[in-house]
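Numbering (the working numbering), first residue to last: 58 to 397.
To start, the structure itself, in structure tokens.
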Amino acid sequence: MRKKVILITGANGEVGHGLVSRLYESGERSILTLDIKPLDDALSDKVQAHVVGDILDTALLQRMMSEYEINAVFHLAALLSTRAEFTPEAAHRVNVEGTLNLLHLAVEQSRWLGYRVTFIFPSSIAVYGIPSLAIKNSIPPVKEDEYCQPTTMYGCNKLYCEHLGRYYSAYYRRLAASPEPFTLDFRAIRFPGLISAVTVPSGGTSDYAPEMLHSAAQGQPYNAFVDEDTRIPFMVMPDATKALLLLAAAPAENLTRSIYNVTSFAPSAGEIADIVRRALPDADISFDPESKRKDIVDSWPAQMDDTAARRDWGWLPDYGLTSAFDDYLIPAIRQRYEMA
Ligand code: SER
């Protein structure tokens with residue numbers, strides 16, 4: 058008998074930490090995780106099993122399919138935007154070929170199980186590419202179908218994988234003599250920058266916000282690689298995991314699209330620094346813009362329009378800018394670094 062599970066790839070990452078914990082707290086006891094590294098100690102009691110391995114290893118994925126009945130996939134594994142610029146072809150392999158392998162796994166599972174396996178894919182603000190700062194500063198919040206001309210390998214990868222998901226969900230095998238009745242149920246969320254009190258991101262370009270906070274909490278100086286007036290939307294991790302689970306649970310008939318923006322607040326980098334300085338008066342934050350990384354952030358919208366998510370599946374963030382810091386980030390980060 059194969060064991061019924063929810064599969065989470067990239068479980069050691071930022072979103073993985075938040076999602077595994079939230080699922081466990083909600084009573085879920087059938088979590089199977091896959092990551093290139095052994096699972097972090099903080100998570101190991103919360104999962105049924107962990108597989109150490111690479112999403113590019115198709116033999117490994119086949120073995121997992123034979124051992125487990127995978128009801129839903131949260132495919133979080135990816136190389137983030139800054140890191141991907143250093144090794145674009147490697148990023149393409151992980152971000153695109155890896156996603157293709159997982160989509161194939163979910164299609165196979167759907168066929169065996171006789172229902173559509175839900176495939177939740179975190180996409181990103183990086184799929185957008187605003188041509189100039191002047192345009193960025195003059196346009197209303199960006200909707201899902203606008204400005205989809207990414208400037209990074211990561212953004213290209215995420216945008217293309219959204220299309221792959223749509224393809225496997227709706228069009229896969231349409232020319233086959235006897236098309237299989239079951240495909241997967243692909244749903245994607247375009248996240249803004251994410252900030253967690255528990256983990257520090259690695260290799261992203263929205264990292265200046267969490268890095269400011271975590272450096273200050275550890276008494277370390279921080280030199281931000283963007284301008285004080287650089288602005289993109291952000292969201293705290295509890296809201297990101299809430300969005301993933303809300304979308305996964307939404308009745309299919311309510312969904313008018315397969316890819317949704319979500320957002321909560323959009324402070325400038327200077328405003329974030331001011332909030333951190335107020336909460337942690339010893340914070341030593343300066344700005345020394347680095348053109349390549351700043352250009353990437355400048356190509357992302359200052360605001361995203363998440364009307365469709367609010368309308369179709371009741372998306373609403375729990376945290377605004379003030380409550381994100383006062384009620385979640387600052388108390389949790391004090392606890393993490395055991396500050397008074
Ligand atoms: N946070 C991601 C990054 O900076 C964007 O989704 O790469």
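Using N, Cα and C, we set each Cβ at its ideal position, and we do this for glycine too.
Quick caveat: nothing in here was measured; it's all calculated off a predicted structure.
Identity of the residues DSSP links to residue i by a beta bridge
i, result
"Y125", "K60"
"N280", "S343"
"Y317", "I246"
"D92", "V109"
"V354", "None, per the DSSP bridge assignment."
"I65", "T90 and F131"
"F322", "F291"
Proximity test, residue i beta-carbon vs the ligand SAM heavy atom, cut-off 7 Å
i, result
"Y265", "For the structure depicted, the ligand SAM is absent and the ligand set comprises only the ligand SER."
Span of the alpha helix (DSSP H), counted from its first residue to its last, around residue i
i, result
"M361", "It is not in any alpha helix (DSSP H) - M361 carries neither H nor E in the DSSP assignment."
"S272", "Y265 to A274"
"S101", "D98 to S101"
"E285", "Unbroken run through E285: none, as it is neither H nor E."
"Y81", "E71 to E82"
"A389", "I387 to R393"
Reference residue i, options the options, closest by Cα
i, options, result
"T209", "S78, I192 and A183", "A183"
"A129", "Y229, V62 and Q206", "V62"
"G84", "L96, D102 and N69", "D102"
"A323", "S315, A381, I316 and Q277", "A381"
"R367", "L301, E268 and V319", "V319"
"S189", "K200, Y204 and F176", "Y204"
"M292", "Y228, R314, L378 and L113", "L378"
"I371", "L157, R150, T175 and K299", "A quick correction: the sequence has Gly, not Ile, at residue 371. Comparing Cα-Cα distances from G371 to each of L157, R150, T175 and K299, the minimum goes to K299."
"E268", "E219, F344, E146 and Y185", "F344"
"D369", "L312, I342, E328 and I390", "L312"
"D284", "E347, M361, T90 and E201", "E347"
"L91", "L80, L117 and S181", "L117"
"A305", "T175, T156 and L170", "T175"
"L337", "T364, G260 and Q277", "Q277"
"I196", "V164, G70, P358 and D375", "P358"
"E201", "Y185, K215 and Y211", "Y185"
"E82", "K349, G222, V104 and R140", "V104"
"L403", "R79, A99 and Y125", "No answer is possible for residue 403: the residues shown for the chain start at 58 and end at 397."
"R391", "L162, V333 and N152", "V333"
"C213", "A274, S138 and Y394", "S138"
"R393", "T144, A254 and Q206", "A254"
"A134", "S259, R86, R79 and E165", "S259"
"L96", "A68, L76, L113 and A330", "A68"
"V153", "I353, S180, S78 and Y279", "S180"
"K94", "S87, R86, V108 and Y279", "V108"
"C218", "K193, R150 and A266", "R150"
"R288", "T262, E146, N280 and T115", "T262"
For residue i, the first and last residue of its enclosing beta strand (DSSP E)
i, result
"V293", "F291 to V293"
With 16 other Cβ atoms within 10 Å as the buried cut-off, status of residue i
i, result
"F178", "buried"
"M58", "exposed"
"E142", "buried"
"L232", "exposed"
"H132", "buried"
"Y45", "The question about residue 45 has no answer here: the residues shown for the chain are numbered 58 through 397."
"E310", "exposed"
"A397", "No answer about A397 holds up, because its pLDDT of 45 lies below 50 and its placement is not dependable."
"Q119", "exposed"
"A234", "exposed"
"T240", "buried"
"L386", "buried"
"D296", "buried"
"L301", "buried"
"P290", "buried"
"K351", "buried"
"G250", "buried"
"V72", "buried"
"G70", "buried"
"G222", "buried"
"Y172", "exposed"
"A99", "exposed"
"Y317", "buried"
Any chance you could list the alpha helix (DSSP H) runs of at least 4 consecutive residues sitting entirely within the segment 185-258, in chain order? For the segment 185-258, whole alpha helix (DSSP H) runs of length 4 or above, ordered along the chain, are 190-193 and 210-227.
For the segment 115-187, which segments carrying the alpha helix (DSSP H) assignment without a break, of at least 4 residues, lie completely within its bounds, in sequence order? Counting only runs of 4 or more residues that sit fully inside the segment 115-187, the alpha helix (DSSP H) segments are 115-124, 138-143, 145-149 and 155-170, in chain order.
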